[in-house]
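Chains as they are written, first to last, in my numbering: chain P, 686 to 953; chain F, 1219 to 1496; chain L, 1219 to 1496; chain X, 2 to 242.
Beta carbons: idealized from backbone N, C-alpha and C, even for Gly.
Notes follow once the structure below has been shown.
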Amino acid sequence: MMKRIDSLSYKNALRPLSPMWKCGFAVAMLLLSYLTHPAIQAVIAVWMTLWTIGYARVPIKYYLTVIGAACLFFVSSVPALVVEIRPLQALPDIHEVATFTFIDWKLSVTSTGLLLIGKLFVRIIASLSCVSFIMFSTPFSELLQVLHKVRVPKLVLEIMLIMYRFLFILFEIANNMYVAQQSRGGQTGFQNRLKDTAIIIVQMFIKTMQRYKSLSNGLVSRGFTDDIHMAPYRANPVPFRYKLESYIGFTMLLLLEIWLRWNWRSIG
Amino acid sequence: MSTLLETIEVSFSYPASQTKALNKLKLRIPEGKKTAICGHNGSGKSTLFLQAIGIHTPSSGQVLWKNKPLTYERKELKQLRQDVGLVFQDPEQQLILNTPYEDVTYGLRNAAVPEPEITRRAEAILLTLGLEHLAHTPIHHLSLGQKKRVALAGVLVLEPKLLLLDEPTAYLDRISEQQLVEELDRIHSRGITLVMATHDMNLAYSWADWILVMDRGQCVMEGTPAEIFKDSKALNSLGLDRPMLLDLWDALPEASRQGVSAPRNVSDFTTLLQKVFA
Amino acid sequence: MSTLLETIEVSFSYPASQTKALNKLKLRIPEGKKTAICGHNGSGKSTLFLQAIGIHTPSSGQVLWKNKPLTYERKELKQLRQDVGLVFQDPEQQLILNTPYEDVTYGLRNAAVPEPEITRRAEAILLTLGLEHLAHTPIHHLSLGQKKRVALAGVLVLEPKLLLLDEPTAYLDRISEQQLVEELDRIHSRGITLVMATHDMNLAYSWADWILVMDRGQCVMEGTPAEIFKDSKALNSLGLDRPMLLDLWDALPEASRQGVSAPRNVSDFTTLLQKVFA
Amino acid sequence: MLTKTRRTKITSFSLVVIGLALYLFINEPQTVYGMHIMEGFLPIGWAIFWWAAFLPFFFLGVRALIKITKEHPELKIMLGLAGAFTFVLSALKIPSVTGSSSHPTGTGLGAVMFGPLPMSVLGSIVLLFQAVLLAHGGLTTLGANAFSMALSGPVVGYFIYKSMMKTTGKQKWSIFLAAALADLSTYIVTSVQLALAFPAEQGGFIASFLKFGGIFAITQIPLAISEGILTVLIWNWLQSY
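Next up, the structure:
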């Protein structure tokens, strides 16, 4: 899946756009989705999904897989959020939707709990849609340039650069070794799988250390002394049509939120 | 000619890729022969091998082992991976344990062979492949040619019926290559069906008695070496070259070629030349 | 024949190893030629290259660049690594930035070339090596042959005087190999001295005009291809084989060989045969 | 009286069924998302709080690394490769004692090998990679995740290892406990973070902690044990090499 996302980020229709602008836009929307009412958050989710699927032309299948997989954490924590546990004899002072009793304890699903997960769900979908817009539309190498612009320490960027270069190589090695073990009858049964996995990790560790030596020679031969000089930031202009839509959209959402708050206050 | 392995309209793509690695592939591996599968990097040779041992399953179509479609059940897969041995191109990724002896026993232990038999069989196969003096040398001290032999030993020790070799001679020097080829001939003479994926047309020509040509996930040609290399135009259009010896053979005058089948290795060619000039 | 690079009695061992990687090595790289350094894995070819760009220093002996011994000062090393370009066997080892365009500019930026000139030179070299359509594709999406070309571009863009190539054709299919060799010939015609380490004797024979043979950290033979391959016994005792074409050539009757120098590739051989039979 | 016991039986049975289904769902290979708090999950106050709590340690780690790499620039390459190694490790499925697969955090091993401070920088970079390459974890929750995974895990693992080695000298047990407890501490800190952000209506923080802790215990305790065993196996291997 990671490889798929990575290659989409290089091939999507919005790739030529300035990475700084894309990230700025998505982060602004992310902040907005944190500060607004659920109704606005829902609008943000739909609008950002339109940017990713419609404008960047990311296949809907991959988009939904990513969002769905990320939501598993939410699903698994739902019980903890909606179920209240209390001793049987305690007095119920909350609105209960459904209850179970278990020995001396009472388990109940409360209406406030349900409301909480409802609100939470809208918020996570909104913020996920913002972050996945960055993820699908901006290649990692361009993200590095953005991070450089916002003054992330250079050392951190250099480490990230090397990590990104070698991720795919190490993944491939791990995968090939896994396949080789399978082909020789390995990776079956719990004990064997544990042992085989340990072997893969060790072999990968040894290969990583070998790479360290050869890569430092390779870089020194190309004039590496202290720093890894990165390519300078280059940005293409953002088409007027996108600029217009983003500014108008953002302002409208902001105004809507202010209006909602105003009304809320005057009612309350 | 009975068929050991067969694919019927098998299609398959890797998760991260848009192109099909196998595209309605129809192909048969004849039993008892030395088959070479030729084609470029990326033509689907390695993917086919992973289908053959059930690591990948077709997205459509069927893989048949001994004329029965694979069901991919746990038990069947276990048996299949003992019957079909796969030697990968890069021995680094296939060799798992620290010494040739330990590594050779890996597959036997997975197959739950009793310990005394493991020792016996491992020692026997190391002896056969001339590796007994290296049995307890750490693998990272071996040369590439030796590593390839160890990888071969680890697969052969399971006594497979079909042996698949992915680019077995890639990057070997000519002497190690010759040793390996001789080894393969000995294995073949014990009744094991051999299949080799290679893009070295010289090797395919001199070694195989059946050739399949793959291109973009399909099998585009099949036949004996003589049949395949007759059609040099078709080969060129696939970006494959003709064996060097055949080119030289064709440069000889018709008269001296008449009635003699084309030589398949350097020494045959030399004796032939000497005969022509005698 | 002037000498570009020379080693005088250079010895060197790797920290963890007992055997000497280089053992009183005496060797010269002639200027302006295409030199092939032949020898097995572990004969010291790659170690020699690391000495040539000052990554390792000799434990005894001297390395001379343009007849001056290296002093290993910071400034001198910086200049040396611009004058001597090294292309490693595994391109992953020297590619560091994310796209071919960015990576090619890496060395220029280290050499503090001004930014507009970086752009110009990077674009020019990508065009020369036929990589312009891949300039902004991430490197991990490229094939091995393409990665090798990118690595070559990253070294060539610094306009070295001497280009060292470690097993440049390893793992390439034959078409990519031919493309690479043609590229090297173009580079040579621009006046750059080329050195290739290889164990492919066919390639060394057809490509080089000067051959050095290394064994166990020493240079044991040097000469023109014709001189080197005349002595097949010496080669065999080193475990190296003769080029296939030479074997076939020797099978021709003396009479037809007389006065003709041995052909160095298949097409020369074919025309020669046709002449003989004409 | 009779009806009451019957009702208890039925409810307890249904609870077991629900629990089992949930457990299988969480533990299904490929879909386990470990202890990464997802994007947008924490209320804004807590998101900022954990960012603020983590950043000082991060900069401390970066400063230490800058110092080291000034003297040995080639160590940057080592750090980058170690980061890539950790990332791949964290994406590897490891077999769990219960039969299904799960992802290790790998921080215990890393901390023992590289020390806790570099690991906190590397760990947080790995988390950022997971957030922007896989949508696994998140940017807003990066502070919280980094605090639990890149900081408390390695620190616990490292000190357990050091003190165990000092007192007992039994290396295998030290490594097993360092790896297993590094994993467990990650899980406990995450449960604390979630409980603080979402206290229960009845029983507040403690009740909520028990609820979150209870749910994640199903996957995390077997996983911690597996990771402990795995780390010992790896250690043995590395030494025999």
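What does DSSP give as the partner residues of residue i in its beta bridges?
i	result
residue 1248(L)	1221(L)
residue 771(P)	791(P)
residue 1437(L)	1432(L)
residue 1283(L)	1223(L), 1286(L)
residue 1305(L)	1383(L)
residue 705(P)	Paired residue(s): none; residue 705(P) is not in a bridge.
residue 1402(L)	Paired residue(s): none; residue 1402(L) is not in a bridge.
residue 1278(F)	1229(F)
residue 783(P)	794(P)
residue 870(P)	Beta-bridge pairing links residue 870(P) to no other residue.
residue 1253(L)	1413(L), 1428(L)
Does the CB of residue i have a neighbour CB from chain P at under 7 Å?
i	result
residue 1410(L)	no
residue 1342(L)	no
residue 1378(L)	no
residue 1307(F)	no
residue 166(X)	no
Residue i versus chain P: which residues are under 8 Å apart at the beta carbon?
i	result
residue 1498(L)	Nothing about residue 1498(L) can be reported from this structure: the residues present for chain L run from 1219 to 1496 only.
residue 1372(L)	907
residue 1301(L)	What residue 1301(L) touches in chain P: nothing, since even the nearest Cβ is about 11 Å away.
Got a sec: is the Cβ-Cβ distance from residue i to anything in chain X below 7 Å?
i	result
residue 734(P)	no
residue 689(P)	no
residue 953(P)	With a pLDDT of 46 at residue 953(P), under the threshold of 50, the modelled position of this residue cannot be trusted; read the value that follows with caution. No, its Cβ sits nowhere closer than 7 Å to a Cβ of chain X.
residue 844(P)	yes
Secondary structure at residue i, three-state DSSP: helix, strand or coil?
i	result
residue 921(P)	strand
residue 1314(L)	coil
residue 1259(L)	coil
residue 1328(F)	helix
residue 186(X)	helix
residue 1415(L)	strand
residue 1240(L)	strand
residue 99(X)	Caution is warranted here: a pLDDT of 41 is assigned to residue 99(X), below 50, making its placement in the model unreliable, and no coordinate value can be reported.
residue 33(X)	With a pLDDT of 42 at residue 33(X), under the threshold of 50, the modelled position of that residue is not reliable, and the figure given next carries that caveat. Residue state, collapsed to three classes: coil.
Listing by chain order, which chain L residues have their CB less than 7 Å from the CB of residue i?
i	result
residue 916(P)	1315, 1320, 1323
residue 1432(F)	Result: empty, since nearest Cβ-Cβ is about 13 Å, beyond 7 Å.
residue 913(P)	1314
Chain P partners of residue i, CB-CB under 7 Å?
i	result
residue 1255(L)	Going along chain P, no residue has its Cβ under 7 Å from residue 1255(L), so there is no contact; the nearest lies around 17 Å.
residue 1273(F)	864, 867, 868
Name, please, each residue of chain P whose Cβ falls closer than 9 Å to the Cβ of residue i.
i	result
residue 1329(L)	908
residue 1248(L)	The premise fails here: residue 1248(L) is roughly 22 Å from chain P at the closest Cβ pair, so nothing lies under 9 Å.
residue 1296(L)	908, 910
With a threshold of 7 Å between beta carbons, is residue i in contact with chain L?
i	result
residue 902(P)	yes
residue 853(P)	yes
residue 695(P)	yes
residue 1469(F)	yes
residue 1491(F)	yes
residue 1459(F)	yes
residue 1267(F)	no
residue 703(P)	no
What residues of chain L sit near residue i, judged by a beta carbon separation below 9 Å?
i	result
residue 1465(F)	1484, 1485, 1487, 1488
Could you list which residues in chain F have their beta carbon closer than 8 Å to that of residue i, in chain order?
i	result
residue 899(P)	In chain order: nothing, as chain F lies at least about 14 Å away.
residue 1417(L)	1391
residue 1259(L)	1361, 1362
residue 1447(L)	Per Cβ cutoff of 8 Å: no residues; residue 1447(L) is ~14 Å from chain F at best.
With a threshold of 7 Å between beta-carbons, can residue i be considered close to chain F, or not?
i	result
residue 933(P)	no
residue 1414(L)	no
residue 1439(L)	no
Using 6 Å as the cut-off, classify the Cβ of residue i as near or not near the heavy atoms of the ligand FMN, replying yes or no.
i	result
residue 890(P)	As presented, the structure is devoid of all ligands, the ligand FMN included, so that no description of it is given.
- Query: If you measure beta-carbon to beta-carbon, which residues of the segment 1382-1411 of chain F are closer than 7 Å to chain P?
  - Reply: none
- Check each residue of the segment 738-754 of chain P: if its Cβ is closer than 8 Å to any Cβ of chain F, include it; give the result in chain order. none
- Query: What residues from the segment 210-226 of chain X come within 7 Å of chain P, judged by C-beta to C-beta, listed N to C?
  - Reply: 212, 213, 216
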